[in-house]
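**Q** This structure is in structure tokens; I'll ask about it shortly.
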Amino acid sequence: PAGPSVKDEL
Amino acid sequence: MNIFRLVGDLSHLLAIFVLLLKIWKSRSCAGVSGKSQILFALVFITRYLDLFTNFISVYNSLMKVIFIASTVATVYLMYIKFKATYDSNHDTFRIEFLVVPVGGLAFLVNHDFTPLEILWTFSIYLESVAILPQLFMISKTGEAETITSHYLFALGSYRALYLLNWIYRYYFEGYFDLIAVVAGCVQTILYCDFFYLYITKVMWGKKLSLPA
């Protein structure tokens, strides 16, 4: 799954 | 992207522009906490440092620029252009009591001990308490202008919608970020008292006034 390291949110 | 996050971002954008327009149109920042606006500017600056290094989408980059620019503009209007209308007597929350503990916590509890990650964590923790000076100021003045309460409602709703976004992403994408979720819960809980007053008063056309 997409981990928290993917900062794709504002 | 999902509907909760999109509506959340738009609610956030609406809040920022409602406040900016209120100050610009009325040429006054009475009842608005400049300290909270400084904290929000700090939140965006520390969170969006990856603006030029980590391209996600046009939407993501555009919103980051708009958020930083509009919040800096708000701080400029409050502390420089309309400084005479800034109510410093009621905006007395000691923000160092927020920034220092939040800074320390970001060092202790984070996903990765790297500068960018610690700054992002600092930004997430700070955002959860950044509204406190504003809520404190309203408790001191005992009331808020209707437009300011609309600003707070939109601002509080944005992170509540993000909580729904995280539930959606957990079930459909397996995405989960404990730090963001916990901070988001704290942030939304801080608005509960205000949400109650807003829904029971402002929605019925009354002015938002705290029980004396």
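Residue numbers (the numbering used here), protein chains in the order written: chain P, 1 to 10; chain A, 1001 to 1212. Where is the CB? At the ideal position from N, CA and C, for every residue including glycine.
(1) Does the segment 1088–1095 of chain A come into contact with the segment 1136–1152 of chain A, if we say contact requires no fewer than three beta-carbon pairs (one atom in each stretch) closer than 8 Å?
(2) Looking at chain P, is there any beta carbon in it that lies within less than 7 Å of the beta carbon of residue 1225/A?
(3) Look at the Cβ atom of residue 1128/A, then the Cβ atom of residue 1186/A, and state whether they are nearer than 7 Å.
(4) May I have the straight-line CA-CA distance separating residue 1017/A from residue 1072/A, to the nearest angstrom?
(5) Residue 1064/A touches chain P at which residues, Cβ-Cβ below 9 Å?
(6) For residue 1069/A, report the span of its alpha helix (DSSP H) as first-last.
(7) Can you tell me the Cα-Cα spacing of residue 1/P and residue 1069/A, whole angstroms?
(8) Is any heavy atom of the ligand GDP found at a distance shorter than 6 Å from the C-beta of residue 1101/A?
(9) Could you tell me which residues DSSP puts in a beta bridge with residue 949/A?
(10) Which stretch, first to last residue, makes up the alpha helix (DSSP H) that contains residue 1097/A?
(11) Taking the alpha helix (DSSP H) that residue 1013/A belongs to, which residues open and close that run?
(12) Could you give the DSSP three-state label for residue 1/P: helix, strand or coil?
(13) Along the alpha helix (DSSP H) that carries residue 1181/A, what are the first and last residues, could you check?
(14) Note the first and the last residue of the continuous alpha helix (DSSP H) segment covering residue 1126/A.
(15) Quick check on residue 1087/A - is its C-beta less than 7 Å from some C-beta in chain P?
(16) Taking the continuous alpha helix (DSSP H) assigned at residue 1041/A, which residues delimit it?
**A** This is what the structure gives:
(1) yes
(2) Residue 1225/A is absent from the model: chain A starts at 1001 and stops at 1212.
(3) yes
(4) 12 Å
(5) 10
(6) 1058–1076
(7) Confidence at residue 1/P is low in this model, with a pLDDT of 46, below 50, so the placement of that residue should be treated as unreliable; the coordinate-derived value is given next. Looking at the two C-alpha atoms, the distance is approximately 33 Å.
(8) Absence of the ligand GDP from the depicted structure is noted, as is the absence of any ligand whatsoever, leaving it without description.
(9) No answer is possible for residue 949/A: the residues shown for chain A start at 1001 and end at 1212.
(10) 1096–1108
(11) 1003–1026
(12) Any reading at residue 1/P must be qualified, since the residue scores a pLDDT of 46, below 50, and its modelled position is unreliable; no value is offered.
(13) 1178–1200
(14) 1115–1129
(15) no
(16) 1034–1047
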